[in-house]
Amino acid sequence: MKPHSLASICMTVMLALSIAPAARAQQWLVNSVINNAIAERAICDSALKRHLSLPSICAKYPKYSGAKSRQGGASPTSVASATAPPTATRFTPVAGDDSVKQLADSLGNSPQERQQILQLAAAGSQLFAQKYKGRGWDNTLAGAMTFFIVSAHIVNTGEQPGADVENNLYTSLNASLAQSDIAKASDKDKTALYNVLLASAGLPLVFYVDGKQNNNTGQVEQAKAMAAGFGRKLFKMEPQELTGMLGAGASVPGTPVARAVASGGGQGVDGRYDCQMLSVRAGASFSVEYRPIGLWFTISGTTYSATGGGGKIVASADTVSFHGGAYDGWRGARINDAIVFRKDDHSNPRAGDGIRNGDIRCGHHG
Numbered sequence: 135m136k137p138h139s140l141a142s143i144c145m146t147v148m149l150a151l152s153i154a155p156a157a158r159a160q161q162w163l164v165n166s167v168i169n170n171a172i173a174e175r176a177i178c179d180s181a182l183k184r185h186l187s188l189p190s191i192c193a194k195y196p197k198y199s200g201a202k203s204r205q206g207g208a209s210p211t212s213v214a215s216a217t218a219p220p221t222a223t224r225f226t227p228v229a230g231d232d233s234v235k236q237l238a239d240s241l242g243n244s245p246q247e248r249q250q251i252l253q254l255a256a257a258g259s260q261l262f263a264q265k266y267k268g269r270g271w272d273n274t275l276a277g278a279m280t281f282f283i284v285s286a287h288i289v290n291t292g293e294q295p296g297a298d299v300e301n302n303l304y305t306s307l308n309a310s311l312a313q314s315d316i317a318k319a320s321d322k323d324k325t326a327l328y329n330v331l332l333a334s335a336g337l338p339l340v341f342y343v344d345g346k347q348n349n350n351t352g353q354v355e356q357a358k359a360m361a362a363g364f365g366r367k368l369f370k371m372e373p374q375e376l377t378g379m380l381g382a383g384a385s386v387p388g389t390p391v392a393r394a395v396a397s398g399g400g401q402g403v404d405g406r407y408d409c410q411m412l413s414v415r416a417g418a419s420f421s422v423e424y425r426p427i428g429l430w431f432t433i434s435g436t437t438y439s440a441t442g443g444g445g446k447i448v449a450s451a452d453t454v455s456f457h458g459g460a461y462d463g464w465r466g467a468r469i470n471d472a473i474v475f476r477k478d479d480h481s482n483p484r485a486g487d488g489i490r491n492g493d494i495r496c497g498h499h500g
């Protein structure tokens, strides 16, 4: 069975999140995540700590009634972050957790869709581990929630928050969550919550980056809608309420998350192609770049030439197949003016899919 394209999976997830939980058996997701009031109080505490005006959601809590209209000057002593240890929300992971599988099952319409969503959801934990390596945030609920909020910010603005902004958010969340009921939960429940937060942060980010790389405005907008949908399902909050926790000036100017790849006409395939590998990096600054790998080939009619020997090609509207020579057996997908070979599977073009991390993009140069 042909795999669904990334764009169609994005649409499936987005639509699933827009349907009432009861109709899609997603109530488990709402029940197993941080209580809405806990998350709201964490937002209010974070605003107090950094002397920001309080969001409207804080008005219903007596604790914040005296500060709700202030633009600044709120006493940070009301926030316990100064005394909470950095590992206050750390837990011991429990093996066998299937919460992300349940998430995928609740979002997909078929076994194949569910499996693809499950595979894509794994990107969340991978990106989290890369991005926050060395900060000691692994296996902490504050770290997972920070990543969820940062991901929502990236998808909605296209820019990466500064490290100091992320650290401040983590500190505030760590203190608020450490004093909440979630701190008393079992390691099993914390494991499920942690994994769901990472998956729900990673899915929109993967679709957003893919949409930007392929100049697919529709998919970018769907990724934004998906991020908003997860925020509403998990915390019953709008995107601006969640990302507002980062405070004003959260983005690092001139640090885009992904740059759209320029697309050309490319009606034929004749010409020289220079190849680069897509590399998604999630370090101090989340970025997407293409790395030259030294491969090239030139197509002329039904033949091609390359270092190591040439051969024949067969081109269709969606794919280009190589026979004989250095690229014998390779089949690439035609995406705009490029030919894309898939990571670790050069014979399977997966026509219709976007470009993913590790794929080889051979760009046309006339």
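Using my numbering, you'd call the opening residue of the sequence shown number 135 and step up by one each time. All residues carry an ideal CB built from backbone N, CA and C; glycine is no exception. Everything numeric in this text was worked out from a predicted model, so none of it was measured.
- If you look at E293, you'll find it in the beta strand (DSSP E) that goes E293 to P295.
- Between the region 337-347 and the region 484-494 there are three or more inter-stretch CB-CB distances shorter than 8 Å, so the stretches are counted as touching.
- Comparing alpha-carbon positions, the option among L429, F369, A222 and P483 lying closest to Q313 turns out to be A222.
- With distances taken between CA atoms, R425 lies nearest to S413 out of T436, T441, S413 and D315.
- Here DSSP, grouped into helix, strand and coil, assigns D479 to strand.
- M411 is the residue among M411, D272 and F369 whose C-alpha sits nearest the C-alpha of I494.
- If you ignore the 5 residues before and after I469, its C-beta comes within less than 7 Å of the C-beta of N348 and I489, all in its own chain and listed in chain order.
- In this structure L339 is in contact with L261, their Cβ atoms being roughly 7 Å apart against a cut-off of 8 Å.
- For H498, the three-state secondary structure derived from DSSP is strand.
- In summary, T351 is exposed, with fewer than 16 beta-carbon neighbours lying within 10 Å of its beta-carbon over all protein chains present.
- Beta bridge pairing from DSSP links Y407 with F431 and H498.
- Our two residues, A357 and I283, have alpha carbons roughly 14 Å apart in a direct line.
- Rounded to whole angstroms, the separation of the alpha carbons of G444 and H480 is 17 Å.
- Between the alpha carbons of F225 and L188 lies a gap of roughly 30 Å.
- Annotation: the continuous alpha helix (DSSP H) that includes K346 extends over D321 to Q347.
- Runs of alpha helix (DSSP H) with 4 or more residues, each lying fully within the region 246-307, are found at 275-291, listed in chain order.
- D471 and G497 do touch by the CB rule: their CB atoms are close to 7 Å apart, below 8 Å.
- Note on E247: 16 or more other CB atoms within 10 angstroms of its CB, so buried under the neighbour-count rule.
- About 3 Å separates the Cβ atoms of K477 and G492, confirming a contact at the 8 Å cut-off.
- Secondary structure note for K358: it is in no beta strand (DSSP E), and the uninterrupted alpha helix (DSSP H) holding it is T351 to F369.
- With 16 or more other CB atoms across the displayed protein chains lying within 10 angstroms of its CB, N308 is buried.
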